[in-house]
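Going by our numbering, the residue at position 81 of the sequence shown is 127; the numbering climbs one at a time, nothing skipped.
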Amino acid sequence: MKIIRTKNDLSSEIAKRCEAGDKIGFVPTMGALHDGHLSLVKCAKQHSSCVVVSIFVNPTQFAPNEDFDSYPREEEKDAKQLETVGADILFLPTKEALYPDGYGCAIKAGKAAQGLEATFRPTHFDGVVNIVSRLFDAVKPDIAVFGEKDYQQLQVIKEMVETYNIPIEIIGAPIVRTDQGLALSSRNAYLSEDEIKIASTFNKILRNATQTKNLDKAKDELLSSGFDKIDYIEIRWNRVLGAAWLGKTRLIDNFHV
Ligand code: AMP
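Laid out in structure tokens, this is it:
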């Protein structure tokens, strides 16, 4: 696996790979990798012959009160894990490389970004399309893989490539979970052992709500399980989607109805 830190080095490596006939796959991440991320790399390998993974904790998708500073950063461990699943290129850009002229962005998140996450994180999806469009420009992939874990994000990205005629196929990959059904997340590292037990009820309650469609009951069940606050539980895109707080950790999950 090649580790590349500048956009110039990335462009020349990608140009070489394209000349050799490679199809470029791309998996953008913020690092602190787990099996969910690695499953995206495996998925990308099935759809392409050269997989680029980026790790970049993107400041523009965090609000000032959020966890940008404390977000886990584990570059060496991440690189080792990516080797095991056969990633070809690890792109580790600096903030200066990706935002050379500040944070301005002509591309805005579209309709898919209304409600749900955006009600509670109003600047989040503009930050996501800002960074993803910049990364797409740097990598110029043929396909890119995103997890269904961030289901609204996946819809926002699909809408972005359609609206702006970006010639990249967007592929959604299923959520990877623990044996208890807890969706893997880099933020699970914030949870204590007791909190992990409570967090593991989230998926069961959401899955149950796909049958009952009783979202108020699901909210009550979450609160009695030990969750501190529920941002939302809603049905959209034929999915039950939810976000809830456990101490200082915000968890999201979703299930097909
Ligand atoms: P992040 O590093 O959290 O920005 O996530 C990078 C990519 O990994 C996004 O496309 C996420 O949706 C995806 N992802 C995160 N957790 C999981 C999971 N448990 N299963 C599948 N994909 C995931």
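Note that CB positions come from ideal geometry on N, CA and C, so glycine has one too. Predicted, not measured: the structure shown is a model, and the values here were computed from it.
Looking at the strands, I want to know which residues DSSP matches up with K48. BP columns for K48 point to I135.
The ligand AMP and T295: does any heavy atom of the ligand fall closer than 6 Å to the residue's C-beta? Not so, every heavy atom of the ligand AMP lies at least 6 Å from the Cβ.
Can you name the start and end residues of the beta strand (DSSP E) that C96 belongs to? 96-101
Enumerate in chain order the residues of its own chain whose CB-to-CB distance from V175 is below 6 Å, with the five nearest sequence positions on each side excluded. I153, A155, M206
Can you list, in chain order, the residues of its chain whose CB lies under 6 Å from that of D277, leaving out five sequence neighbours each side? F166, A289
With C-beta atoms as the reference, is N249 less than 7 Å away from D196? For the pair N249 and D196, the CB atoms are not nearer than the 7 Å cut-off.
Selected residue, minimal CA-CA separation from Y149, among I101, G173, E215, R119: The shortest C-alpha separation from Y149 is found at G173.
Extract the residue ranges of the alpha helix (DSSP H) inside the segment 143-227, only unbroken runs of 4 or more that lie entirely within it. 163-166, 170-185, 197-209
According to DSSP, is E280 part of a helix, a strand, or is it coil? strand
Can you check DSSP and say which residues form a bridge with F301? V286
Quick check: does the Cβ of V45 come within less than 6 Å of any heavy atom belonging to the ligand AMP? The displayed coordinates of the chain run from 47 to 303. Any statement about residue 45 would go beyond what the structure contains.
Rank T256, L269, L297 by C-alpha distance to the C-alpha of E280 and give the top, closest one. T256
If we ignore side chains and look at the alpha-carbon of each, how far apart do V222 and S85 end up? 8 Å
Report yes or no: do the segment 178-187 and the segment 204-220 share at least 3 C-beta pairs separated by less than 8 Å? As far as the Cβ criterion goes, the segment 178-187 touches the segment 204-220, which means the pair count is three or higher.
How far does the beta strand (DSSP E) with F315 in it extend, from its first residue to its last? Residue 315 falls outside the range modelled here, since the chain spans only 47 to 303, and no answer is possible.
Coil, strand or helix - K259 by DSSP: coil
Selected residue, minimal CA-CA separation from H302, among L261, E194, T224, D240: E194
Between D299 and the ligand AMP, is the CB less than 6 Å from at least one heavy atom? Between the ligand AMP and D299, a heavy atom-to-CB distance of less than 6 Å is absent.
T247 in three-state terms, based on DSSP: coil
Just the C-alpha distance for G293 and P220, rounded to the nearest angstrom, thanks. 27 Å
Do the CB positions of T295 and L237 come within less than 7 Å of each other? Yes, Cβ-Cβ distance for T295 and L237 is below 7 Å.
Return the Cβ separation of K48 and E59 in integer angstroms, given the expectation that the two are a contact with Cβ distance under 8 Å. 6 Å
Which residues share a DSSP beta bridge with A229? R223
Using only the alpha-carbon positions, how far apart do T140 and A229 sit? 29 Å
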